[in-house]
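The sequence shown begins at 1 in UniProt numbering and counts up one residue at a time. Think of the CB as a built atom: it goes at the ideal place given N, C-alpha and C, for glycine as much as any other residue. What follows is a single structure, written as structure tokens, with notes after it.
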Amino acid sequence: MTEIFTMPDIGEGMAEGDITSWLVKVGDVVAMDDPVAEVQNDKLLQEILSPYAGKVTHLYVDAGTTVEVGDPLIEFDGSGTPDTGSDEKTVVETTAPSSEDEVPLVTSDDTTQMVKVANGHVLAMPSVRHLAFEKGIDLTTVTPTGRHGHVTLSDVESFNKENVSESQAVAPVEVATQQGTKPNDITPKAPEVLHEGRQPMTPTRRAIAKAMGAQNATIPSVTNFDSVEVSKLVAHRSSFKAQAQADGVRLTYLAYAVKALAATAKKFPEINASVDMDTNEIIYHEDVNMGIAVNAPSGLYVPVIMHADQKSILTIAKEIVELSEAVREGSITSQQMRGSTITISNLGSARGTWFTPIINGKEVAILGLGTIVKEPMIDENDDIVVGQNMKLSLSYDHRLIDGMLGQAALNYLKQLLADPAYMLMEV
């Protein structure tokens, strides 16, 4: 019985996705729920699982192709029933290679052997490719230990650098000397050749570029910049940091900011909304689901803290750590990336100050969180004292939010951040 596996929707309203790499090839026998491909949509890279068991008889597209949801991906010549675990499945190829184009013997129980697929493509996640690029390592020389012959991060990290071929090393740039040149010996020179390096975008970077371009082009945004004196907030965190650590929670300023912004969104529902220009309607979200921008070697991801307005600062802090680790380990799921209604982008840990964050998805506001800097300030007695100022940047959709409203929301946020006691009274 022949079955056709079509492109599934792995995200919210996903229309298309890139086949980053195939995890199977023609002739492989797979079971139901075996991973068969890596797909990149607008938000994340994810393995897709086979709904069928059987032998792969045709792959409709090459790796790197953009496929619309519902288009055919794989043809199976199988029963369409769960696999029984026969020996046929465990051996991918059992014959010795007879030419350069043939592959070495590979079994699922012996993944430490060098694996090359028929077209010479190495199976590796974008984050692995990025790390290999940074280290100057040719992935085809790395022995994979991952599932289905994937090269893993640990494979690259443990790779013996002595194996790096000399041809990969960057050749030193020759600089012509001009010793002995006299002022009158000036002769016309050929235009200097510009040296540049080109590298294909990773699927994640392509997705980010596509999303940022579309959002920046369609949302007329304004950014208000401000700062708030947060000495009381710094003291509060210092008082509870050790206690939180004892409970297994890493208490960060971001957790306070999430709580404060969630409270601000409840007081100013316009910043926790969406604009539907097709129907000329404003959608006010009852829940405050906070997206938090997290950087990873492969790109930027925005996992979501659901119902942030209903959670304690310690609970939020714990979820921030869990979601950030999932992003950096590559285990973040599409479910954890869905449903945000407002977002925070934090450059404080990188000592960033003010910036212009781009509004995420269908939201109308995003808070840019900068670093806390000791600066001179004048107190209520007109004395110059040292204050601790946190930098804030609030970008908002000007179709819905005017400058006065944006600043009013920012002022309220500043009140909450300036005094955690006030935050407890208002939240």
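Would you report the Cα separation of residue i and residue j, rounded to the nearest angstrom?
i, j, result
"Q40", "G406", "35 Å"
"G291", "T2", "43 Å"
"I10", "K232", "44 Å"
"I342", "D77", "46 Å"
"L23", "T218", "37 Å"
"Y256", "G387", "19 Å"
"Y52", "Y60", "16 Å"
"L413", "R206", "34 Å"
"V128", "N272", "36 Å"
"T152", "T145", "7 Å"
"S50", "S298", "25 Å"
"K266", "G64", "43 Å"
"P420", "R237", "9 Å"
"H307", "V288", "5 Å"
"T264", "A409", "6 Å"
"Y253", "F268", "22 Å"
"D402", "F225", "15 Å"
"V321", "S158", "26 Å"
"P200", "G330", "21 Å"
"V304", "V26", "38 Å"
"K259", "H195", "48 Å"
"Q46", "P35", "10 Å"
"V302", "V193", "41 Å"
"V234", "P376", "17 Å"
"K374", "S324", "28 Å"
"K362", "T223", "17 Å"
"Q415", "I372", "16 Å"
"I208", "N295", "12 Å"
"V249", "R328", "18 Å"
"T140", "D62", "19 Å"
"F355", "G368", "7 Å"
"V29", "L131", "32 Å"
"G70", "M425", "51 Å"
"G213", "M423", "36 Å"
Is residue i buried or exposed, if buried means 16 or more other CB atoms sit within 10 Å of its CB?
i, result
"N360", "buried"
"Y284", "exposed"
"L394", "buried"
"Q336", "buried"
"P203", "buried"
"I137", "buried"
"G17", "buried"
"S345", "buried"
"N389", "buried"
"residue 440", "Shown here, the chain extends from 1 to 427; a query on residue 440 therefore has no answer."
"K318", "buried"
"M7", "buried"
"I48", "buried"
"A293", "buried"
"V385", "exposed"
"I332", "buried"
"A350", "exposed"
"A15", "exposed"
"S221", "buried"
"K391", "buried"
With DSSP as the reference, label residue i as helix, strand or coil.
i, result
"F225", "strand"
"L194", "coil"
"L392", "strand"
"T111", "In this predicted model, T111 has a pLDDT of only 38, less than 50, meaning its place in the structure is not dependable enough to derive any value."
"D247", "coil"
"E281", "strand"
"K89", "Because K89 sits at a pLDDT of 36, beneath the cut-off of 50, its placement in the model cannot be relied upon, and the following sentence gives the value as read from the coordinates. K89 falls in the helix class under three-state DSSP."
"K374", "strand"
"P387", "The residue you asked about is not Pro; residue 387 is Gly in the sequence shown. Looking at G387 - three-state DSSP - the assignment turns out to be strand."
"V151", "strand"
"Q168", "Bear in mind that the predicted position of Q168 carries a pLDDT of just 47, short of 50, making it unreliable; the figure below should be weighed with that in mind. Helix."
Report, in whole angstroms, the separation of the C-beta atoms of residue i and residue j, which I expect to be a contact under 8 Å.
i, j, result
"G370", "T353", "5 Å"
"A244", "L314", "6 Å"
"E270", "L400", "6 Å"
"I4", "E75", "6 Å"
"residue 484", "I358", "Here the chain has residues from 1 to 427 only, and residue 484 is not among them."
"V228", "D397", "With 8 Å as the limit, V228 and D397 do not qualify as a contact, their Cβ atoms being about 23 Å apart."
"A37", "S21", "7 Å"
"L417", "V230", "6 Å"
"V156", "K135", "7 Å"
So is residue i in contact with chain B if we call contact Cβ pairs under 8 Å?
i, result
"D62", "Annotation note: the requested chain B is absent from the structure, which comprises a single protein chain."
Unbroken stretches of the beta strand (DSSP E), 3 residues or longer, contained in the UniProt domain "Lipoyl-binding" (2 to 77): 2 to 6, 16 to 22, 35 to 40, 45 to 49, 54 to 59, 66 to 68, 72 to 77
Length at least 3, wholly inside the region 284 to 369: the beta strand (DSSP E) runs in chain order: 290 to 292, 294 to 296, 299 to 301, 342 to 346
Those runs of the beta strand (DSSP E) which lie wholly inside the region 252 to 278 and span at least 3 residues: 273 to 276
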